[in-house]
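Visitor: The structure is given below, and queries will be raised subsequently.
Protein chains: 2
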Amino acid sequence: MRIGELARRTGVPVPSIKYYTREGMLPPGERISPNQVQYAESHIRRLKLIRALTEVGGLSIAAAAEVLAGIDSPGSTPHGMLGTAQAAVSKVAAERGTDEMWECAEREVAELVRRHDWAVRPENPGWRTLVQVVVAYHELDQGELLGLLDRYAQAAGSLAAAELAAFDGVPSLDAQIEGAVLGTVLGDAAMAALRRIAQEDVSRRVRERSQTG
Amino acid sequence: MRIGELARRTGVPVPSIKYYTREGMLPPGERISPNQVQYAESHIRRLKLIRALTEVGGLSIAAAAEVLAGIDSPGSTPHGMLGTAQAAVSKVAAERGTDEMWECAEREVAELVRRHDWAVRPENPGWRTLVQVVVAYHELDQGELLGLLDRYAQAAGSLAAAELAAFDGVPSLDAQIEGAVLGTVLGDAAMAALRRIAQEDVSRRVRERSQTG
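The listed protein sequences correspond, in order, to chains A and B. The first sequence begins at 1 in the UniProt record's numbering and counts up by one. The second sequence begins at 1 in the UniProt record's numbering and counts up by one.
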């Protein structure tokens, strides 16, 4: 198909298609005459993947490009792609707080990881984010929220196991690799969305109870 | 204290402090002489809150400013702030996919909400994000991931209840309002971080099992 049809079928404007091609995120079409380039079904799928990562998953163009380069590299595995996808979705901010507060938060996270019997490297991108969250809770005197971390951890553990089990059912390696990426990026978006919905429900119930009680 | 000390004690550079003041996110200090402005302890706390929302929580300056304006408005309540914080953290992307696919995803989300007996408005910012995630899963043939949504929903429901219970213990209304914001923004960051850690653990265990098995 021509670029116009590719744009129509995916809803992605022609200038964006050209931009993704220049950035190396979308393979170029096949030039079949001096002024005609042909695109295949695989281009449709790739554009959908780009949109899922950037628009639904909230990744920056740079982060999405990194993830796609990982998917395209010949030796990629589902476990390896999980690491690439994790690094791409994790924002690492500058360190804040006093050294003492930071060390205390480091210890608390290490203990949490030990309590849940998790075998992970401290370089895991989630580790550092979690330390920052703990520092922020301490700095802002929200100790009540700290008590919730074990609940979050329990939920995260059970979801990770379910995700990996779902994953085993996927037949091809390519689909497994893409699934590892989408499970991470879209899984975060799904979980955040469901938290919004559940929070409204709980908040409404409590408010109604207090009004009738 | 002077602006230099405020910068030193918070780790926020002087130009950033001035920027936050111009944006209305930080109240101006008190001018005590033609060339001296005095800042209070409350400015330290506000700067920590700004940094928690933007650096740890990943909010844009505009979104953080909106949340802070909500906190500062006289009539704000914890339930109301939850809505403001939710809207700020929710990215709404353009619609994609065919109408048919969109309607199908809408129905699936409505059924999921019904299954979990959630009383929420369809305008809830999570609702639309979730529809987009479902469309993306369908478009990319990741049906296995769809099966996980009920697990995510179950976890989100139990976490929302725990969050609200933690919240009830907070003595002052001001702290409750700030807690609603931080519970939403930093709670998302904490959950995503813990998913990274748990995923690495599960992925490693499975790989080790397959190597020794």
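A virtual CB, placed ideally from N, CA and C, is assigned to each residue, including glycine.
At a cut of 8 Å, does the region 179-195 of chain A reach the region 53-72 of chain A through at least three beta carbon pairs?
Guide: Counting Cβ pairs under 8 Å, three or more are found: they touch.
Visitor: Just checking: is the beta-carbon of L6 of chain A within a distance shorter than 8 Å of some beta-carbon in chain B?
Guide: No, no contact with chain B.
Visitor: Checking contacts by CB at 8 Å: is S203 of chain A closer than that to chain B?
Guide: Interface residue, yes.
Visitor: Under the three-state reduction of DSSP, which class applies to E23 of chain A: helix, strand or coil?
Guide: Three-state result, E23 of chain A: coil.
Visitor: Please state if the CB of A40 of chain B and the CB of R151 of chain A are separated by a distance shorter than 8 Å.
Guide: No. Outside cutoff.
Visitor: Can you have a look at D201 of chain B and say buried or exposed, based on whether 16 or more other CB atoms are within 10 angstroms of its CB?
Guide: Answer is buried; the Cβ neighbour count reaches 16.
Visitor: Under 6 Å Cβ to Cβ from E23 of chain A, same chain only, skipping five residues before and after it: list those, please.
Guide: So the list reads A65, once near-sequence residues are dropped.
Visitor: Is V37 of chain A helix, strand or coil when you go by DSSP?
Guide: In the structure shown, V37 of chain A sits in a strand (DSSP, three-state: E or B).
Visitor: Cβ atoms of P125 of chain A and A87 of chain A: under 8 Å apart, would you say?
Guide: Yes.
Visitor: Any heavy atom of the ligand GTP closer than 7 Å to the CB of W102 of chain B?
Guide: Judged by which ligands are present, the structure shown has none, so any question about the ligand GTP falls away.
Visitor: Please name the residue, chosen from A:R196, A:V14, A:R51, that lies closest to W127 of chain B on a Cα-to-Cα basis.
Guide: Per the Cα distances, A:R196.
Visitor: What are the start and end residues of each continuous alpha helix (DSSP H) run of 4 or more residues lying completely inside the region 126-160 of chain A, in chain order?
Guide: Counting only runs of 4 or more, we get 143-146.
Visitor: Measure the C-alpha to C-alpha separation of A153 of chain B and N35 of chain B and round it to an integer number of angstroms.
Guide: So the two alpha carbons sit approximately 56 Å from each other.
Visitor: Quick one: which residues of the region 179-191 of chain A get their C-beta closer than 9 Å to a C-beta of chain B? List them in chain order.
Guide: Answer set for the region 179-191 of chain A: G179, A180, L182, G183, T184, L186, G187, D188, A189, A190, M191.
Visitor: Do we get a CB-CB distance below 8 Å when we pair W102 of chain B with the residues of chain A?
Guide: So no, W102 of chain B is outside the interface.
Visitor: Given A189 of chain B, which residues of its chain have a CB within under 8 Å of its CB, disregarding the five upstream and five downstream residues?
Guide: Contacts found: V56, G57, G58.
Visitor: Between A:L6, A:D141, A:G70, A:W118, which has its C-alpha nearest M101 of chain A's C-alpha?
Guide: It is A:D141.
Visitor: Which residues, taken in chain order from the region 136-163 of chain A, show a beta carbon closer than 8 Å to some beta carbon of chain B?
Guide: So the close ones are A136, Y137, E139, L140, D141, Q142, E144, L145, G147, L148, L149, R151, Y152, A153, A155, A156, G157, S158, L159, A160, A161, A162, E163.
Visitor: Secondary structure at R205 of chain A, three-state DSSP: helix, strand or coil?
Guide: If DSSP states are grouped into helix, strand and coil, R205 of chain A belongs with the helices.
Visitor: Taking C-alpha atoms, which residue in B:R204, B:E144, B:V67, B:V12 lies nearest to R51 of chain B?
Guide: Nearest of B:R204, B:E144, B:V67, B:V12 to R51 of chain B, Cα basis: B:V12.
Visitor: At 7 Å on the CB atoms, spell out the chain B contacts of P125 of chain A, in chain order.
Guide: Correct list: R196.
Visitor: Could you pull the start and end residues of the alpha helix (DSSP H) that A63 of chain B belongs to?
Guide: That run of the alpha helix (DSSP H) goes 61-72.
Visitor: From R46 of chain A to L194 of chain B, what distance separates their C-alpha atoms?
Guide: Near 29 Å, if we compare the C-alpha coordinates of L194 of chain B and R46 of chain A.
Visitor: Does V109 of chain B pass the burial test, meaning 16 or more other C-beta atoms within 10 Å, or should it be called exposed?
Guide: So V109 of chain B ends up on the buried side.
Visitor: Between the alpha carbons of R31 of chain B and L149 of chain A, how many angstroms are there, rounded?
Guide: Distance between the alpha carbons of R31 of chain B and L149 of chain A is about 42 Å.
Visitor: So for E30 of chain A, helix, strand or coil by DSSP?
Guide: Looking at E30 of chain A - three-state DSSP - the assignment turns out to be strand.
Visitor: Quick check on this structure: which residue in A:G187, A:V37, A:P15, A:W118 has the alpha carbon closest to the alpha carbon of T129 of chain B?
Guide: T129 of chain B has its Cα closest to that of A:G187, out of A:G187, A:V37, A:P15, A:W118.
Visitor: Let me know the secondary structure DSSP gives R121 of chain B once reduced to three states.
Guide: Of the three classes helix, strand and coil, the one that applies to R121 of chain B here is coil, per DSSP.
Visitor: Which residues in chain B sit within 7 Å of G169 of chain A, going by Cβ to Cβ distance?
Guide: In chain order: E144.
Visitor: At a Cβ threshold of 8 Å, is L59 of chain B touching chain A?
Guide: Not closer than 8 Å to any Cβ of chain A, the Cβ of L59 of chain B fails to qualify, so no.
Visitor: Check whether chain A comes within 8 Å of A93 of chain B, counting only Cβ atoms and requiring the distance to be less than that.
Guide: With a pLDDT of only 49 at A93 of chain B, under the threshold of 50, the placement of this residue in the model should not be trusted, and no figure is reported.
Visitor: If the cut is a Cβ gap below 7 Å, which residues of chain A does E200 of chain B touch?
Guide: By Cβ distance, chain A contributes V120, N124.
Visitor: Run through DSSP, which three-state label would S172 of chain B get?
Guide: If DSSP states are grouped into helix, strand and coil, S172 of chain B belongs with coil.
Visitor: For K18 of chain B, does the count of other Cβ atoms within 10 angstroms reach 16, so buried, or fall short, so exposed?
Guide: Exposed, by the Cβ-count rule.
Visitor: Going along chain B, which residues have a C-beta under 9 Å from A105 of chain A?
Guide: Within chain B, no residue comes near A105 of chain A; the closest Cβ sits about 11 Å away, beyond 9 Å.
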